[in-house]
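Accompanying notes for the structure given below.
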Amino acid sequence: MAVASAASGSVFCKQLLFSLLVLILFCDACQKISLQVPSHLPAEALVGKVNLKECLQSASLIQSSDPNFRILEDGSVYTTHDLTLSSEKKSFSILLSDTQRQEQKKIEIVLEAGRQKGPERHLQDTVLKRSKRRWAPIPCSLMENSLGPFPQHVQQVQSDAAQNYTIFYSISGPGVDKEPFNLFFIDKDTGDIFCTRSIDREQYEQFPLYAYATTADGYAPEYPLPLLFKVEDDNDNAPYFENKVTVFSVPENCRTGTSVGKVTAIDHDEPDTLHTRLKFKILQQIPNHPKHFSIHPDTGVITTTTPLLDREVCDTYKLIMEVRDMGGQPFGLFNTGTITISLEDENDNSPYFTETSYFTEVEENRIDVEILRMAVRDRDLPNTPHSKAVYKILQGNENGNFKISTDPNTNEGVLCVVKPLNYELNRQIVLQIGVLNEAQFSKAANAQTPTMCTTTVTVKIKDSDEGPECQPPVKVVQSKDGLPAGKELLGYKAVDPETGSNEGLRYKKIGDEDSWFEINEYTGNLKTVKVLDRESKFVKNDQYNVSVIAMDADGRSCTGTLVVLLEDDNDHPPQIEKEVTICRHDKDFAVLEPVDPDGPGNGPPFQFFLDNSASKLWTIETKDGKTAILRERQNLDYNSYTVPIQIKDRHGLGAKHMLTVRVCDCTVPSDCKMIPKGARDVKLSNVILGKWAILAMVLGSALLLCILFTCFCVTAKRTVKKCFPEDVAQQNLIVSNTEGPGEEVMEANIRLPTQTSNICDTSVSVGTLGGQGVKTQQSFEMVKGGYTLDSSKGGGHQTLESVKGVGHGGMDTGRYGYTDWHSFTQPRLGEKVYLCGQDEEHKHSEDYVHSYNYEGKGSVAGSVGCCSDRQEEEGLEFLDHLEPKFRTLATTCVKK
């Protein structure tokens, strides 16, 4: 038996070798790859890494032609045994095969051991030139966690300049003179670089160093050489789960393949290598039977394997998980963790009644009373929508007498009577009641759709002596808008169910907001006590409600509502606001929005009209039949204006409105500080005088009368003593033939005594254009030439108005000079009167009518000059020619 097995095994090996030979011979070759390796390679040592995808994008089979090497999926080449290269080169092939596309590729790998000798160079070619072979060595790698022995040779650098100079080598960088210090050193004579201890790749992935070649005197014949020492990863870190305990949830009764969650693990080894290729596995499920979950070994996604997850059977599962690197191979490092999966409740259990039927009873005409409680059971999670019951009355409640609700504390169904029951109509009612959950039912796999659980409730009605019935509860009657008081409307009628008539019932009004009606106690008819107004604030939707109660002889009653439906009548003209404001900074017009209290059939479109007087300043235009725009014809002053406007509705009913329009320099009407005229009148009319104010006004008026009376008496007394010249000073009479001002006379013809205190000085300062004043000396003069009495003024005539500006001071001064004037003229007037009496016959009167060309007697030449009056001391000769008619006046003056 053993021989047969060996024979069959040898045959299989021969077939495999034959197939590999055929594959090698007939497959396409890819680019040749050379790898520099040491002469001795230990087992499981990384030889190098090849990019397999450049040769074949998707390879389902990866094989090596040499059994001493193992090829991984990422292209890493490892040794399977200790290997020593006897020659400088060793080659083998990597065979790639895609079974789906029937493609085969081959990659030839050449391993080179040791250093090759470069071509011979002349002396002049090596001076100050870098050797690619010696001064640029191949990249070197260090094994993580190497066991030594230390110091361990890493690399050697040499310069061709050593043929001409004595070269000393040195290095610098991390691991030498930077952290970690003293990890590397170099033999200054040979250029050999050594490592002094093991390295942790997770701490230092690579070491970029610089090598220097210098002579003894510091001369550097070569540029610094960059060296990169890469630390090869060692699988020294086990993967671990991010969370030691992870909790997932999944709905119960979910389908097969439903994703529960994804677990993740961390491995600190080098990424994208076999050391970090993790595999997941479920070690144990608690409870163990049956198996409900699986995990994807690469992604860590947990899915369900059965649709039979039932929360009511088991609500929580625990999974013991394992994560292992090296692609899940047995020699890989691993760790474990715990996953907790809780099942979410679904509404997969219908509620059901604890009893199949119920019986209860209630008296007729009872409302809002509880008559029955019904309990249900539900296996779903309590106090959730999946278990909360919703009750429905399926049959028997066609009249709406019953209502069923859910008690939130006990989840029971509570049956109540919400509408009175009538024993005479029904003595027993059978209800069919069903129950469901708040949440929609979720059918489990392989389960039938459940039906609503139902039960029957028999309600027995007890007879009782009942009162009147108000059927229907709401009755509608129609009436015209504006119906006057004293009109009767059909009222509400109730019925006694025992007799079927309304005999013996009494009616009373219990609700009438505006007291429009009074009710007939026996018939229930309504009678208007006010004019019905559809536009009243108590009317809603053209309806006015009146509540009526009907009572029988025993005091039992019922309540009904009578709805009075008012038909609209066009009895209200459109109304408008009394005041609008035009803000010039915002707009130059005002929008008028009338409101018609009547219904839409008696409202807009509106018509707007202006009076003839208002149309001169304003224009108005209808915008959309509901509003109008009022504009100024021209920019008016900022003020308040009253504009008469007539507005009519669609049927021509209108009214004239006095609209107050404020034209203001503002942005918004609220900024306008202008007070309307009406507001000012109201504000003034609100002023009320107190008793002390009235008393002060009376006393002030009395005091004023006393002062005026005193002044009148004093003035009258002094007026009697006034002389003739003071009256002349008033300029009431002027010479009619005066055509212009005469020559200014600076001095009077009559020389008064030189006492200035007794002279009537009426000097007046008259303003001129230049800002100076002209002082006019006014004195009374008797002109001799014309035998007339006149007043000489400096600079021209003086009227009464011109004297008004003199002031009280000048007038008082004139009064004080009156005494001296009187004492001066009195003896002279008496003397002249006496002389006139003696020679009356010889003195012809010159106070007669003369011809138009008579200009009076001539005067002595130079008499009107500026100095003619200096030759006369007194100049009173004109008194010798007084007329007889003047005698009476002179006599009167002498007597006074």
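The sequence shown runs -32 to -1, 1 to 864 under mature numbering (1 follows the signal peptide of the UniProt record, and there is no 0).
All C-beta atoms in this analysis are idealised placements derived from N, C-alpha and C, irrespective of residue type, glycine included.
Please read all numbers here as calculations on a predicted model, not as lab measurements.
Identity of the residue in the options nearest residue i by Cα
| i | options | result |
| --- | --- | --- |
| Phe576 | Leu621, Tyr606, Thr304, Gln602 | Leu621 |
| His619 | Ala661, Pro573, Asp639 | Pro573 |
| Leu177 | Gly593, Asp480, Phe162 | Phe162 |
| Lys(-1) | Asn580, Lys73, Cys108 | Lys73 |
| Cys23 | Glu76, Pro562, Glu332, Met111 | Glu76 |
| Thr226 | Leu276, Asp202, Asn317 | Leu276 |
| Arg279 | Gly296, His264, His260, Met294 | His260 |
| Phe299 | Thr678, Ala558, Lys477, Glu12 | Glu12 |
| Pro568 | Ile550, Glu503, Ser515 | Glu503 |
| Val463 | Ser525, Asn513, Cys384 | Ser525 |
| Ala233 | Leu667, Ser109, Pro265, Ser217 | Pro265 |
| Val231 | Val514, Ser54, Phe216 | Phe216 |
| Arg69 | Ser26, Leu63, Ser32 | Ser26 |
| Asn390 | Pro376, Asn150, Thr426, Gly435 | Gly435 |
| Gln511 | Lys624, Leu500, Glu489 | Leu500 |
| Gln4 | Lys21, Lys58, Asp375 | Lys58 |
| Val398 | Lys505, Asn379, Glu329 | Glu329 |
| Leu393 | Pro465, Thr352, Lys411 | Pro465 |
| Leu242 | Gly668, Leu14, Gly658, Asp482 | Leu14 |
| Tyr137 | Gln126, Asn36, Glu489 | Gln126 |
| Lys455 | Asn488, Glu481, Ser432, Asn470 | Asn488 |
| Gln614 | Asn607, Lys624, Asp605 | Lys624 |
Buried versus exposed, by CB contacts within 10 Å (16 or more), residue i
| i | result |
| --- | --- |
| Arg783 | Note that Arg783 scores 48 on pLDDT, short of 50, meaning its location in the model is unreliable; the coordinates nonetheless yield the value given after this. With fewer than 16 other Cβ atoms within 10 Å, it is exposed. |
| Met626 | exposed |
| Ser355 | buried |
| Val553 | Contrary to the premise, residue 553 reads as His rather than Val in this sequence. Exposed, because fewer than 16 other Cβ atoms sit within 10 Å of the Cβ of His553. |
| Leu311 | buried |
| Asn509 | exposed |
| Thr423 | buried |
| Cys438 | buried |
| residue 867 | Outside the displayed range of the chain (-32 to 864) lies residue 867, so it cannot be described from this structure. |
| Met342 | buried |
| Leu(-12) | Only weak support is given to the placement of Leu(-12): the predicted model assigns it a pLDDT of 46, under 50, and the value that follows is read from those uncertain coordinates. Flag for Leu(-12) reads exposed. |
| Glu332 | buried |
| Glu190 | buried |
| Asn369 | buried |
| Asp346 | buried |
| Val427 | buried |
Whole-Å CB distance - residue i paired with residue j, under 8 Å assumed
| i | j | result |
| --- | --- | --- |
| Leu29 | Ser65 | 4 Å |
| Glu314 | Glu220 | 5 Å |
| Val631 | Tyr609 | 7 Å |
| Leu530 | Val445 | 6 Å |
| Val386 | Ile335 | 6 Å |
| Leu473 | Asp522 | Not confirmed; about 11 Å, so no contact. |
| Ala596 | Thr587 | Ala596 to Thr587, Cβ: 10 Å. No contact. |
| Ala129 | Ala181 | 6 Å |
| Asn570 | Asp639 | At roughly 38 Å, the Cβ-Cβ gap does not stay under 8 Å, so Asn570 and Asp639 are not in contact. |
| Asp579 | Pro612 | 5 Å |
Beta-ladder partner(s) of residue i, from DSSP
| i | result |
| --- | --- |
| Asp464 | Ser469 |
| Lys57 | Glu80 |
| Cys421 | Val403 |
| Leu287 | Gln253, Ile307 |
| Leu340 | Leu383 |
| residue 871 | What is shown of the chain runs -32 to 864, which leaves residue 871 out entirely. |
| Tyr359 | Val403 |
| Pro142 | Lys146 |
| Leu494 | Leu457, Ile487 |
| Trp586 | Glu600 |
Below-8 Å beta-carbon distance, residue i vs any chain C residue
| i | result |
| --- | --- |
| Gly798 | This model lacks chain C altogether; it includes just one protein chain. |
Near the ligand ADP: residue i beta-carbon under 7 Å from a heavy atom
| i | result |
| --- | --- |
| Thr226 | The ligand content of the structure shown is nil, which means the ligand ADP is not present either. |
With contact counted as at least three CB pairs below 8 Å, one residue from each stretch, are the stretch 287 to 296 and the stretch 191 to 200 in contact? In short, these stretches do not touch, since the Cβ pair count stays below three.
Three or more beta-carbon pairs under 8 Å between the stretch 544 to 551 and the stretch 516 to 530, yes or no? Contact between the stretch 544 to 551 and the stretch 516 to 530 is absent: fewer than three C-beta pairs spanning the two stretches fall below 8 Å.
Below 8 Å, how does it come out for the stretch 209 to 220 and the stretch 296 to 310: are there three or more Cβ pairs, yes or no? As far as the Cβ criterion goes, the stretch 209 to 220 touches the stretch 296 to 310, which means the pair count is three or higher.
Check whether the stretch 452 to 464 and the stretch 487 to 498 touch, using three or more Cβ-Cβ pairs below 8 Å as the test. Cβ pair count under 8 Å is three or more, so yes.
Are at least three pairs of beta-carbons, each pair with one atom in the stretch 239 to 256 and one in the stretch 165 to 172, less than 8 Å apart? No, the stretch 239 to 256 is not in contact with the stretch 165 to 172.
Taking 8 Å as the cut-off, does the stretch 396 to 406 touch the stretch 319 to 331 (at least 3 CB pairs, one atom from each stretch)? In short, these stretches touch, since the Cβ pair count reaches three.
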